[in-house]
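Student:
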Amino acid sequence: MPPTSGELWEHHLMPQQVDVDCLLPTGVIVPLLCSRDSTLETIKKDLWLEARKYPLFHKLMESESYIFLGITQDAMKEEFYDETRRLCDLRLFQPILKVMEPKGNRQEKMLNYEIGMLIGVPVNEFNENKDLEVITFRRNILKACKDVVDNRDQQGDHTRALYAYPPDIDSSEMPKHLMDKLKENSVFICVWVVSDDNNRMKYTVKVPLTAFPSDVIAETIRRRSRFMNMTKEHAERCIEEYRHLYVLKVCGCDQFLLAECPISQYKCIRESLIKESIAQLMLHTKESVYATLPETNFSWPSYVQRGIQALAEINQTQTLFIWEVQAKLRVKINCATYVNVKELGKIYIRACIYHGTEALCEAINTNMADSSSPRWDQWLEFLMLPDLPRSARLCLSICSESKRRNRKVQFALAWGNLQLFDFNKRHLTGKYSLYMWSMPQGMDDLLNPIGIPGSNPQKDCPCLEIEFDRFLHPLSYPPDSYFEQLANVVMIKEAQQGHPAKPTENELRCLDEIIEKDPLSDISEQDKALLWKLREICLTRPKALPKLLSAVKWSDRESVALLYELLRRWPIIPCEVALELLDCSYTDLVVREYAVKCLDQRLKDDKLAQYLLQLVQAIKYEPYLESPLTTFLLKRSLFSQRIGNAFFWHLKSEMHQTSTRLRFGLILEAYCRGCGPYIKNLAQQVEALDKLTKLSDMLKHEIAADEHMKYLHTQLQQPDYKEALQNLHSPLNTSHILGEINLEECCVKTSKKLPLWLVWSNPDAMADMGDMHYRIMFKNGDDLRQDMLTLQVIRIMDSIWKNEGLDLRLIPYGCLSTGKEVGVIEIVKNAKTITAIQSRGGTLSSIQIDSSQLHKWIKDQNPDRYEHAIELFKRSCAGYCVATFILGIGDRHPENIMVTSEGQVFHIDFGHFLDHKKKKFGINRERVPFVLTEDFLKVIAEGADKTSKHPGFKQFQELCGNAYLILRKHANLFITLFTMMLQCGIPELQSLDDIGYIRKTLAVEKTEEKALEYFQQQFHSAYGDSWTTKVDWFFHNFIHSKT
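Just so you know, we're using full-length UniProt numbering here: the sequence shown kicks off at 1 and counts up by one.
1) Unbroken alpha helix (DSSP H) runs of length 4 or more, entirely within the region 187-262: which are they?
2) Bridge partners for Gln17 per DSSP, in chain order?
3) Taking DSSP as the reference, what is the three-state secondary structure of Pro575?
4) Once the 5 residues before and after Trp570 are set aside, which same chain residues still bring their CB inside 8 Å of it?
5) How many angstroms separate the CA atom of Val18 from the CA atom of Glu41?
6) Taking just the CA atoms, how far does Lys604 sit from Arg152?
7) Quick check: the region 810-822 against the region 772-784, are there 3 or more CB pairs under 8 Å?
8) Quick one: give me the first and last residue of the alpha helix (DSSP H) that residue 1045 is part of.
9) In the DSSP assignment, find the unbroken beta strand (DSSP E) run with Asn417 in it and report its ends.
10) Any idea what DSSP makes of Arg375, helix, strand or coil?
11) To the nearest angstrom, how far is it from the Cα of Ser653 to the Cα of Val149?
12) Three-state secondary structure (DSSP) at Phe632?
13) How many angstroms separate the CA atom of Asp147 from the CA atom of Phe298?
14) Touch check for the region 553-562 and the region 503-522: three-plus C-beta pairs under 8 Å?
15) Buried or exposed for Ala310, please, with buried defined as at least 16 other CB atoms from any protein chain shown within 10 angstroms of its CB.
16) Would you tell me roughly how many angstroms separate the C-alpha atoms of Asp860 and Pro987, rounded to the nearest one?
17) If I measure Cβ to Cβ from Gln617 and keep anything under 7 Å in the same chain, skipping five residues before and after, which residues do I get?
18) Roughly how many whole angstroms lie between the Cα atoms of Glu114 and Leu446?
19) Quick one: is Met698 buried, meaning 16 or more other Cβ sit within 10 Å of its Cβ, or exposed?
20) If you drop the 5 nearest sequence neighbours on each side, which residues of the same chain put their C-beta closer than 8 Å to that of Asp630?
21) Please confirm whether Lys700 and Leu754 have their CB atoms less than 8 Å apart.
22) How is the alpha helix (DSSP H) around Ile858 delimited, first residue to last?
23) Exposed or buried, which one is Tyr354 when buried takes at least 16 other CB atoms within 10 Å?
24) Please check the pair Val99 and Leu24, which I expect to be a contact at CB under 8 Å, by giving their CB distance rounded to whole angstroms.
25) Taking the CB atoms as reference points, tell me whether Leu728 and Ile741 lie closer together than 8 Å.
26) Put Ile398 into one of helix, strand or coil per three-state DSSP.
27) Phe1015 by DSSP, collapsed to three states: which one?
28) On the DSSP bridge assignment, give the partners of Cys352 in chain order.
29) Starting from Tyr432, trace the beta strand (DSSP E) in both directions and tell me its first and last residue.
30) My guess is that Tyr246 and Thr285 are in contact by the Cβ rule of under 8 Å, so how many angstroms apart are they, rounded?
31) Please state the DSSP three-state secondary structure of Asn334.
32) So does the region 302-320 actually touch the region 357-364, counting three or more Cβ pairs closer than 8 Å?
33) In this structure, does DSSP put Val939 in helix, strand or coil?
34) Assuming Tyr1014 contacts Lys1006 under a Cβ cut-off of 8 Å, what Cβ separation, rounded to an integer in Å, is found between them?
35) Measure the C-alpha to C-alpha separation of Tyr303 and Asn830 and round it to an integer number of angstroms.
36) Looking at Val325 and Leu394, is the spacing between their C-beta atoms short of 8 Å?
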């Protein structure tokens, strides 16, 4: 098949010279030979010179009066307003360009074009969508973005700078292990002053941890005044005059200490303490920083005027509230089309009403119908209309039946869901054509209640024709005031019946036990009854809310009204509990709004960045396009470029998925409009990754293996590649500027997917005080979402341990999925794989007989810091042993375990997790809970032969046990994080059964003593059966030595 991401149809890359047919407004076609990297500006200039030779040239106006139009590979007409774009970047179907006069608002069209290029969907596709919910959402969400931009700009340059250069702050308290490193609670900081002619002066100052950045600046000025022999009075006047005119910048990156908070909150200070080094900062004038900030010119697109009148007319129509209609919900199943069944037979429709993951009634099946032309014309009756909750949805599936081993087996062919109330609270009425979705891989259930509502936009799929009852007037959901009135009536009635009995000690103990259960634990009907009975007591235990919600009878409006009344009084809950309320089980709009309110009040930017991956996935569980969660994420993204950049990529990486394309595309459009001039930063990243994708495709499909390096270097020197791949913000970290490409260090790795190893210089004036180079691996052909999730969870584990005073020196390197099987990975410097280290020891080491090479290598690398290197290895090894055990990380071989020259061990390539082990001939290759081979024990035992008898081994074992027990306290958080990812489509994370593995490894149902005993058994199994790992490693090395 021809590539869809190529520069020209059927070509990954354009030829160096291309014949372009240019169609002039006069009807004359002018053939023009163009270079692939020619800009449209150059092409137009050459075209006008060539056109002089053709008839009717005198009829043309000046070239500036025209734009080019082309047909792209998406079969879409595209007007090219940006004439700096190169021919090779237009993604033309054929090299044909039409010259035309621009129509409409040129500025708006240019912005629409830029946004379309960024998100991968033409904005015109949204403009042509006539769905009133889409039109209303676009208008309302843009107003929310405009409010943020106005807020940002009205507060002045400092707030604008905080957006452009968000401070990298850790909101948690200073961990004990870092406090122990300090003397007198003070820290040394080196502040550099660089003159215009690049002369440097440094001043080392000692300040208390509670000092603010302005205090550090004041102390720097004080030190400088001493060198200038100022009097004390003169120095103090200078300090008062200048301390607020300067700002501190981290040497080597675009990171400023702009927030006035204790310096102990800044990550750069904490990292220097961890490394036992002095933080290197640089003095800048605030004026110079503010001068880099572009002006924000927010413009309202024309579409904001659409749909206002139509919505107003609907809202003026007389309606009946569903509480006023004493009738059952009825759905008529008419017929189905395009149903594909392997063998012709009988099919039926299964239907049920769900609220989240809870069925509100028994599922109903239609009669059987012939699969060749299925028609039922059958009415199905469900619960009473007044009992329907706001977020109720109708879940449907087309099912079939087959015989397996002499028994009938039922299975679903396709599924579809519909919200019973639209975004405007109107109940569905009349006929609907529901285009269905294929059942998720590995799903055995007959219905998919957590699947997104609405029709499949791809029409080549089964379609179900259904019908709802029509009433005299449209039905609508009652307003909030009705629930307040109902709650008051119920509470008065309960008060008249007398006050409830005081709970017994046994009931309170049972209540606390229920609250402590993990999110996946079953809660019995008896437990639910107790929770509801003691709901007022639960107010004093705010973390009980998720359990209380499971006890609500959502099909009973009185219970729902009482819950809403209770929620108005409920205290703000911790962020980790609020996250749980955003997963697939909780679809009630009031509950989700409350959860977002808690996050908005408590979730600082550093924690938001930690959980952003899950929060983006949680948008899929929102019943409607417009939601408090979407607004919250957009607002926070527009207050911080760091958050915004990650938010952009988490959304864009799923734009290829049909189910999320519209929702995520609309959110991306709103975000891009709110970015204003900063959209250029995103455009650079998108273009760079697009270039690398085309280059990678070319290497895989067109270039011989022995020509890979030569071709890579040749392409990277092309003008269009140099322009796209230099001086841009790193997608992994916006404070890192990728300067010039270092050709000598760039290479194509030899693994199956041919990842690109890319190296950039750091253009920062003080790069020598930080990282001189940035190394990134570009991967095309691997799904990095599982790696990204695993590394995120390991990063959270690292944070939890540090907050408990346990620093296990993990290296959760950066990883970002940017599209379908495309992404970037941070390369850890000065690190080697276990295989590379073992190969130094010759054949015995390579065949896993000599286990001493790793210890020898670490000793050779650290002649002066040997004990420190052993401690680093011991701690990091303990951290990864516990982390990989809990997450069930598989496929652990010496190629995906690495060690830095300082002694830190870390794992890479997380292609298998949650105990999905790699198999050979149906047999598990890995038989131990985690990797702890003799090679590792040799290092921990400092080279001793009897490793298990060495004191270091006992310390290591205790370290693992402590780390395990600390994580157990946060079991609910880890279960929640994985539950929120169920809709992301990772093959090894498809159901709650997969997440059940974490419940098992964290021993959530055991006491702490029994859990530690369980972990110690796993520990002994890991090193007792480590010979099986060595055998696996031997075969891995043997097989790969042959390839």
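In this text, a Cβ means the ideal position worked out from N, Cα and C, and glycines have one as well. Being a predicted model, the structure only gives us computed values, none of them experimental.
Tutor: According to the structure data:
1) 213-227, 232-242
2) Ser35
3) According to the sequence displayed, residue 575 carries Cys and not Pro. Cys575 falls in the helix class under three-state DSSP.
4) Leu539, Pro542, Leu545, Tyr594
5) 16 Å
6) 18 Å
7) yes
8) Nothing in the structure corresponds to residue 1045, since the chain is present only between 1 and 1043.
9) Where Asn417 is concerned, the enclosing beta strand (DSSP E) stretches over 407-419.
10) strand
11) 25 Å
12) helix
13) 11 Å
14) no
15) exposed
16) 42 Å
17) Met980, Met981, Gln983, Cys984
18) 43 Å
19) buried
20) Correcting the residue type first, residue 630 is Thr in the shown sequence and not Asp. Result list for Thr630: Ile141, Ile619, Glu622, Ile667, in chain order.
21) Cβ distance < 8 Å, so Lys700 and Leu754 count as in contact.
22) 853-861
23) buried
24) 5 Å
25) The answer is no: Cβ separation not under 8 Å.
26) strand
27) helix
28) Cys395
29) 430-435
30) With 8 Å as the limit, Tyr246 and Thr285 qualify as a contact, their Cβ atoms being about 6 Å apart.
31) DSSP places Asn334 in the strand class (E or B) of the three-state scheme.
32) no
33) helix
34) Sure, about 6 Å apart at Cβ, within 8 Å.
35) 53 Å
36) Contact flag unset, no.
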